[in-house]
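Comments concern the structure below.
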Amino acid sequence: MMRLCAVLLTLLVAGGCSESSTSSESHSSQRPTLYYFTWSDYVDAAVVAEFEATRGVRVVVDTFSSNEELLAKVQTGMTGYDVVVPSDFMAGIMGRLGLLAELDLEKIPHVQDLESHLQQLAFDPTHRFAIPYLWGTAGIGYNADVVTEPPTSWEALWDPQFSGRISMLNDEREVFGLALQTLGYSLNSVDPQAIQEAKQKLMAQKPLIKAYTSEQFDQLLVAGEVVLAHAWGGPIARAMREHPSIRYALPQEGGMIWTDCLAVLASSRQQELAMDFINYLLDEEVALLTSQRLLFASANRHVRDRLPADIRNNIAVYPPNEMLPRMEWLEDVQEAIRYYDRAWTELKVQ
Amino acid sequence: MLINRLATSSAFPVKLSLVSASLFLGLFFFLPLVLVFGVSLASRGMYGGITWIATWENYQRVLDPLVGVIFFRSLLFAGLTTVVCAVVAFPLAYCLARASRPWQLILLTLVMIPFWTNFLVRTYAWVLILRADGILNTLLIRLGFLEEPLPLLFTDVSVFVGLVYGYLPFMVLPLVVAIERISPQLEDAAFDLYASMGAMFRHVLLPLSTPGFLAGGVLVFIPSLGAFITPYLLGGGQKMMLGTLIQQEFLVARDWPFGSALSFGLMGTVLLLWFLLGRTSVGKDPS
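Protein chains in written order, with the numbering used here: chain A, 535 to 884; chain B, 438 to 724.
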């Protein structure tokens, strides 16, 4: 009995250790293999399968759930990934750190098809390292059955009427950016005083918050657990299909616009294939299918008109053009990130 | 001493196994530990990464009152989890230990089966049970105990439930072993001497199961002290715990040196507690 229990305990401990391990496939294969490291809700199997079939290659997909996680993993060195999908500001950081390969735009002709507002972005105006792929906004997802007055400002997330039924993204830059915007600062403020004020504002909000989550807010809205959610557009657009009274609103303060970019790691040994893959993902037909499946706006400007009206006109997918000039991009705040880290920890300790 | 004598006097295989065991431990336990310690004395680069400038700053930051609050909360949660696990596990372990052989196997397997499922999946299952339109609230409302759903998910209680559930078998198994060793005749003897059920439990079962409680306590306390998936998924990311803080330092803030220093702080705390526990139980031994 004693021995049996010991064996079972060992099994338990071993099981506990493997809880976060991800499967990695062996590199040995006849066909060339492309390692694609992307966001957890960005993969459409059909799109990947078609690339594999037409090019006679194998694509191994691995996923991450935040820009910081992507950087942390790539910084460790030998990751073996070829194509990665950092967001705007992170593409800038990774480019500066020398982690990204210079792109050969001759091999990526679809770079000509980008939406006009994505053609020249501050973090990489000439697409040396990165090309926008999917883009969208952060705003407020809400349940119109309960929240009868459509929110027009971030301040709606401070409404005591919905205490305990509000969720915020679990992302320090997004949450602090939102608070900074309501206080009239830039969401990229590097002023410690402004960050402190934003922290005070968020502390006052904390008793109303059900959860800080970047992965579950759409399910929480559908389940009725929360009625107001600081949210990214794509998951809200998907939640609308499950629950017709879910809506999306962009705040008058401007809100946040983002684009996730395709890039090749400098350490990649499949540069040619990687750039071919990027060009393939930006192809009009492929991009159209991607946007229809994932409900994120494509960076390819020709896709918009070919999408069904209910997707094209959904502000959770495509924000209205007149809003674009007011929206802010997240930028690298360099050393000031320490103030954010500290304030975020303080917020979470309360 | 004993090991020395064994190594010099007896057969070759003993020596070999000692060498291989120390090699294994050195390579896969001690060396990584030294590496982490090295990192904990380095500085954070501008974008994460490690700059090899030696500093004590990371350990000074561990002593920050802010971190102290997180340490204290994690210790409290881990301690409570351990106590509740012990209380819940004892009756179960007792039945298991006193069951007939075939039943014992069946029951032990039943304890184990859920734990062959991925831990993440089991934690998510609790989200489905505890949320407003979840199984528990729906059941309670249907049965007429509640009018409105109770806010169960993303509270301290849900984190606590998740921790107890997650680590319960770590307490059950050592207790089964300990209780099995207690002869049922001792229980009979106690009753023959007119001990009540309670007195028998207090004076016979409880003291003799101490090794089981100690082993189980360590196995439950240490992982719940560093747990991060449970507080993250069931706590709604609202209250930071040690595990979540360390995870944040490594993956979000990318401050590996501080994360390493925190890990050493955690290890130090566990060792200190272990030392204190050792002293108190040695002190009690003669009685």
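Ideal placement from N, C-alpha and C gives every residue a C-beta, glycine not left out.
Taking its Cβ as the centre, do 16 or more other Cβ atoms sit within 10 Å of residue i, making it buried, or is it exposed?
i	result
Pro778 (chain A)	exposed
Leu656 (chain B)	buried
Asp596 (chain A)	buried
Gly705 (chain B)	exposed
Pro606 (chain B)	buried
Glu706 (chain A)	buried
His644 (chain A)	buried
Ala540 (chain A)	exposed
His661 (chain A)	buried
Phe701 (chain B)	buried
Thr793 (chain A)	buried
Val524 (chain B)	exposed
Leu784 (chain A)	buried
Thr488 (chain B)	exposed
Gly675 (chain A)	buried
Gln868 (chain A)	exposed
His640 (chain B)	exposed
Ala580 (chain A)	exposed
Check the DSSP bridge columns for residue i and list the partner residues they point to.
i	result
Glu862 (chain A)	A:Met790
Thr572 (chain A)	A:Thr597
Trp489 (chain B)	BP columns for Trp489 (chain B) are empty, so no partner.
His764 (chain A)	A:Ile674
Cys795 (chain A)	A:Pro666
Ser516 (chain A)	The requested residue 516 (chain A) is not part of the displayed model; chain A covers only 535 to 884.
Ser723 (chain A)	In the DSSP output, where bridge partners are listed per residue, Ser723 (chain A) has none listed.
Met702 (chain A)	A:Tyr746
Thr567 (chain A)	A:Arg592
Asn834 (chain A)	A:Leu648
Ser621 (chain A)	A:Asp794
Leu634 (chain A)	A:Leu799
Near residue i, which residues of its chain fall below 8 Å by C-beta distance, leaving aside the five closest residues on each side in sequence?
i	result
Lys744 (chain A)	Gly698, Arg699, Ile700, Ser701, Leu754, Glu759, Val760
Val609 (chain B)	Ala526, Leu529, Ala530, Leu533, Val548, Gly653
Glu806 (chain A)	Lys641
Leu643 (chain B)	none
Ser697 (chain B)	Val473, Phe474, Val476, Ser477, Asn495
Gly826 (chain A)	The residue asked about is misnamed: residue 826 (chain A) is Gln in this sequence, not Gly. Once the five neighbours on either side are set aside, the close Cβ partners of Gln826 (chain A) are Leu841, Pro842, Ile845.
Leu512 (chain B)	Leu662, Thr706
Glu636 (chain A)	Arg662, Phe663
Could you give the distance in angstroms between the alpha-carbon of residue i and the alpha-carbon of residue j?
i	j	result
Leu470 (chain B)	Leu478 (chain B)	13 Å
Thr567 (chain A)	Ile812 (chain A)	15 Å
Ala626 (chain B)	Arg537 (chain A)	28 Å
Leu455 (chain B)	Arg618 (chain B)	30 Å
Ala797 (chain A)	Arg781 (chain A)	33 Å
Val724 (chain A)	Phe598 (chain A)	27 Å
Val619 (chain A)	Val851 (chain A)	19 Å
Gly393 (chain B)	Phe638 (chain B)	The shown model of chain B, from 438 to 724, leaves out residue 393 (chain B), and the question about it has no answer.
Ala606 (chain A)	Phe687 (chain B)	8 Å
Asp844 (chain A)	Glu708 (chain A)	28 Å
Gln654 (chain A)	Ser574 (chain A)	27 Å
Arg510 (chain B)	Val707 (chain B)	15 Å
Ser557 (chain A)	Asn555 (chain B)	Confidence at Ser557 (chain A) is low in this model, with a pLDDT of 42, below 50, so its placement is unreliable and the value that follows should be read with caution. If I take the Cα positions, the gap works out to 13 Å.
Pro668 (chain B)	Arg716 (chain B)	32 Å
Leu671 (chain B)	Val689 (chain B)	20 Å
Thr610 (chain A)	Met809 (chain A)	23 Å
Phe461 (chain B)	Val451 (chain B)	15 Å
His836 (chain A)	Gly674 (chain B)	40 Å
Thr686 (chain A)	Asp817 (chain A)	36 Å
Gly680 (chain B)	Asn855 (chain A)	43 Å
Val564 (chain B)	Val594 (chain B)	12 Å
Ser832 (chain A)	Gly670 (chain A)	9 Å
Asn677 (chain A)	Arg838 (chain A)	27 Å
Between residue i and the rest of its own chain, which residues show a CB-CB distance below 6 Å, the 5 nearest in sequence each way excluded?
i	result
Arg481 (chain B)	Asp692, Pro694
Met861 (chain A)	Gly788, Gly789, Ile791
Glu559 (chain A)	Low per-residue confidence applies at Glu559 (chain A): pLDDT is 45, beneath 50, and the placement is therefore not dependable, though the value from the model is reported in the following sentence. Only Val594 meet the Cβ criterion.
Asp692 (chain A)	Reading off the sequence, residue 692 (chain A) comes out as Trp, not Asp. Cβ within range, chain order: Gln739.
Near residue i, which residues of its chain fall below 7 Å by C-beta distance, leaving aside the five closest residues on each side in sequence?
i	result
Leu557 (chain B)	Ile666
Tyr814 (chain A)	Phe585, Val820
Met737 (chain A)	Leu881, Gln884
Do we get a CB-CB distance below 8 Å when we pair residue i with the residues of chain C?
i	result
Tyr746 (chain A)	Here the protein chains are A and B, and chain C is not one of them.
Residues of the region 500-515 of chain B with Cβ closer than 8 Å to any Cβ of chain A, in chain order: Listed by position along the chain: Leu503, Val506, Ile507.
Residues of the region 557-579 of chain B whose Cβ lies closer than 7 Å to any Cβ of chain A, in chain order: The residues in question are Leu557, Arg568, Ala569, Asp570.
Residues, ordered as in the chain, of the region 582-605 of chain B that lie near chain A by beta-carbon distance below 8 Å: Of all residues in the region 582-605 of chain B, Pro588, Leu590, Phe591 have a Cβ within less than 8 Å of some Cβ in chain A.
Members of the region 576-590 of chain A that neighbour chain B once the beta carbon cut-off is set at 9 Å: Correct list: empty, as no residue qualifies.
Contacting positions in the region 586-620 of chain A - beta carbon closer than 8 Å to chain B: Residues Ser600, Glu602, Glu603, Leu605, Ala606, Gln609.
Interface residues of the region 667-691 of chain B facing chain A [CB-CB below 9 Å]: Residues passing the 9 Å Cβ filter: Tyr669, Leu670, Gly672, Gly673, Gly674, Gln675, Lys676, Met677, Thr681, Leu682, Gln685, Glu686, Phe687, Leu688, Val689, Ala690, Arg691.
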